[in-house]
């Protein structure tokens with residue numbers, strides 16, 4: 001599998017992975033990503049590389065590409081692989097729709113696309129880092145969202161992903177054993193922001209295995225402790241009507257998307 | 272612009288943004304993202320929403336979609352928008368290539384795709400956070416990469432992106448004024464890992480404006496100070512043969528891709 005692009009190749013990889021996931025059993029392949037193929041000369045070198053793979057293997061190489069510049073794209077299309085190019089198939093209908101010709105950008109810098117969405121994302125990363133794991137609880141009035149859950153349920157990567165991908169200011173606050181005591185009230189720092197809270201939970205077995213890696217043999221990592229914490233935190237979520245999601249078999253992308261959808265938050269994807 | 276998907280719609284957004292960026296002047300549009308459209312019934316509701324937009328506006332709605340299930344896709348295709356669906360155009364050639372029929376996955380969980388690449392990414396986020404901004408300099412032997420640069424050049428978001436998107440264990444170490452003193456040697460903690468270092472620099476004006484937001488009116492944010500630090504850090508990079516990149520007009524995606532390419536690091540995109 002080749003991912004070829006005149007920019008970062010992140011779109012080409014995303015497309016390729018989305019499509020390959022549709023076919024069961026297609027798992028045994030080598031992946032080569034080649035970004036910044038932005039001239040026909042560079043494209044010719046890539047063609048040699050693809051053709052060498054075609055000569056070596058019995059299977060035809062697959063090439064997922066996002067090449068905006070027509071001459072570069074034409075060069076790649078002539079290789080001995082099966083080329084699936086995003087621009088090849090979609091630019092024409094868009095051109096007709098917009099009654100406009102695409103601009104080929106050759107400059108390497110100034111490629112921030114939507115600058116305001118980009119700056120929102122960078123600002124959100126900064127915010128989420130500063131408000132990670134219960135730090136700086138005073139800034140919660142500026143949060144778009146506060147993720148809560150017991151230790152090691154995936155709050156931090158989820159918040160960072162929400163910030164990075166969607167420009168959402170996501171704080172997170174760990175629910176400790178103390179918080180899960182008899183009172184069943186929400187922890188003081190997050191209680192005033194009930195409408196911004198979202199819970200994360202996890203299967204106790206999985207939690208125990210994650211915690212075991214961090215503190216082997218500890219009470220903290222024991223299955224009894226994990227079971228008790230999960231049971232009590234889920235009951236806290238339910239009692240206060242806080243929506244929650246189980247992270248056991250769900251990726252941060254998926255958790256983030258569901259939380260954003262549930263909350264009606266705006267996505268500021270700027271790529 | 273509608274982004275419609277039976278999963279997170281991140282691919283659909285990425286595709287849409289890539290394509291729209293090719294047309295200058297197409298900037299004034301409203302974006303609606305609808306994830307988890309995974310049944311024809313849900314698709315019918317989306318069609319109503321698209322048709323309402325079509326009736327309201329003079330321009331035809333554009334629909335970027337990634338819909339794997341044929342009946343759901345067929346439902347959306349019948350809307351009054353211009354539908355550009357990734358699966359519609361690419362599944363057929365892949366099916367012929369693989370001599371296999373795509374599997375439609377209806378289960379909502381277990382959608383981690385390549386689990387080992389995913390866990391690598393989560394582990395890398397953890398590593399990068401723990402080794403952010405000069406913290407825990409003792410773990411550098413486990414770094415894939417150590418980003419260095421003066422304060423506020425974008426080291427942290429770059430490292431987090433490298434970890435999140437590509438599964439790369441990226442530490443970062445801030446170069447202080449003290450490090451830029453007369454000696455011109457590399458700071459002690461990073462000196463033993465010269466081959467893993469990558470520099471970040473920035474235009475002094477931009478740096479001053481970023482620092483001004485953090486500490487208004489400070490010496491730290493003054494243009495003289497920023498000019499001196501940038502000049503000296505670039506000279507340190509050059510003297511020690513450390514490759515560096517200027518972040519002024521370059522997004523974290525672009526910086527990350529270039530660093531990975533330059534270093535020959537492996538990308539572990541798992542989406």
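Residue numbers (the working numbering), protein chains in the order written: chain D, 1 to 271; chain U, 272 to 542. All C-beta atoms, glycine included, are put in the ideal place defined by N, C-alpha and C.
Partner residues on chain D for residue i, Cβ-Cβ distance less than 8 Å
i: residue 339/U; result: 22
i: residue 472/U; result: None at all; the shortest Cβ gap to chain D is about 13 Å.
Same chain, Cβ closer than 8 Å to residue i, neighbours up to 5 away in sequence not counted
i: residue 12/D; result: 3, 4, 5, 33, 64, 65, 66, 86
i: residue 448/U; result: 500
i: residue 427/U; result: 403, 404, 443
i: residue 130/D; result: 136, 139
i: residue 469/U; result: 416, 417, 418, 419, 513, 514, 515, 516, 530, 533, 534
i: residue 349/U; result: 318
i: residue 445/U; result: 404, 405, 419, 420, 421, 422, 426
Buried or exposed by the 16-neighbour rule on C-beta atoms within 10 Å, applied to residue i
i: residue 330/U; result: exposed
i: residue 285/U; result: buried
i: residue 180/D; result: buried
i: residue 102/D; result: buried
i: residue 463/U; result: exposed
i: residue 319/U; result: exposed
i: residue 323/U; result: exposed
i: residue 386/U; result: exposed
i: residue 250/D; result: buried
i: residue 326/U; result: exposed
i: residue 99/D; result: exposed
i: residue 7/D; result: buried
i: residue 24/D; result: exposed
i: residue 188/D; result: exposed
Sequence-distant residues of the same chain with beta carbon closer than 7 Å to residue i, five excluded per side
i: residue 204/D; result: 223, 226, 227, 230
i: residue 262/D; result: 243
i: residue 511/U; result: 457, 465
i: residue 110/D; result: For residue 110/D, the pLDDT reaches just 40, beneath the cut-off of 50, and the residue's location in the model is therefore unreliable, although a value from the coordinates is still provided. Nothing listed; no residue qualifies.
i: residue 289/U; result: none
i: residue 491/U; result: 482
i: residue 539/U; result: 388, 391, 392, 437, 438
Limits of the unbroken alpha helix (DSSP H) element including residue i
i: residue 116/D; result: 115-130
i: residue 507/U; result: 494-510
i: residue 322/U; result: 311-327
i: residue 19/D; result: 10-20
i: residue 161/D; result: 155-166
i: residue 70/D; result: 70-77
i: residue 295/U; result: That residue, residue 295/U, is in no alpha helix (DSSP H); it is neither H nor E in DSSP.
i: residue 259/D; result: 252-263
Amino acids of chain U, ordered along the chain, whose beta-carbon sits closer than 8 Å to that of residue i
i: residue 261/D; result: 306, 307
i: residue 118/D; result: 522
i: residue 25/D; result: 371
i: residue 161/D; result: 435
i: residue 103/D; result: 293, 294, 295
i: residue 41/D; result: Neighbours of residue 41/D on chain U: none; closest Cβ ~17 Å, over 8 Å.
Sheet register partners of residue i (DSSP bridge)
i: residue 33/D; result: 3/D
i: residue 173/D; result: 148/D
i: residue 85/D; result: 65/D
i: residue 198/D; result: 147/D
i: residue 245/D; result: 200/D
Beta-carbon proximity list for residue i, same chain, < 6 Å, skipping 5 on both sides
i: residue 40/D; result: 71, 72, 75
i: residue 486/U; result: 492
i: residue 398/U; result: 440
i: residue 378/U; result: With a pLDDT of 45 at residue 378/U, under the threshold of 50, the modelled position of this residue cannot be trusted, and the question is left open.
i: residue 159/D; result: 128, 147, 170, 172
i: residue 328/U; result: none
Within chain D, the residues that residue i reaches when beta carbons sit closer than 7 Å
i: residue 428/U; result: 122, 125
i: residue 360/U; result: 89
i: residue 222/U; result: Since the first residue shown for chain U is 272 and the last is 542, residue 222/U is missing from the structure and cannot be characterised.
Partner residues on chain U for residue i, Cβ-Cβ distance less than 7 Å
i: residue 212/D; result: Result: empty, since nearest Cβ-Cβ is about 15 Å, beyond 7 Å.
i: residue 76/D; result: Those do not exist, as residue 76/D stays about 15 Å from chain U at its closest Cβ, beyond 7 Å.
i: residue 177/D; result: Those do not exist, as residue 177/D stays about 22 Å from chain U at its closest Cβ, beyond 7 Å.
Within chain D, partners of residue i - CB distance below 9 Å
i: residue 331/U; result: 97
i: residue 424/U; result: In chain order: nothing, as chain D lies at least about 12 Å away.
Where residue i meets chain U, residues with beta-carbon distance less than 9 Å
i: residue 244/D; result: Those do not exist, as residue 244/D stays about 15 Å from chain U at its closest Cβ, beyond 9 Å.
i: residue 14/D; result: 281, 282, 285, 286, 540, 542
Cutoff 7 Å: residue i Cβ touching any chain B Cβ
i: residue 234/D; result: Of the protein chains in this structure, namely D and U, none is chain B.
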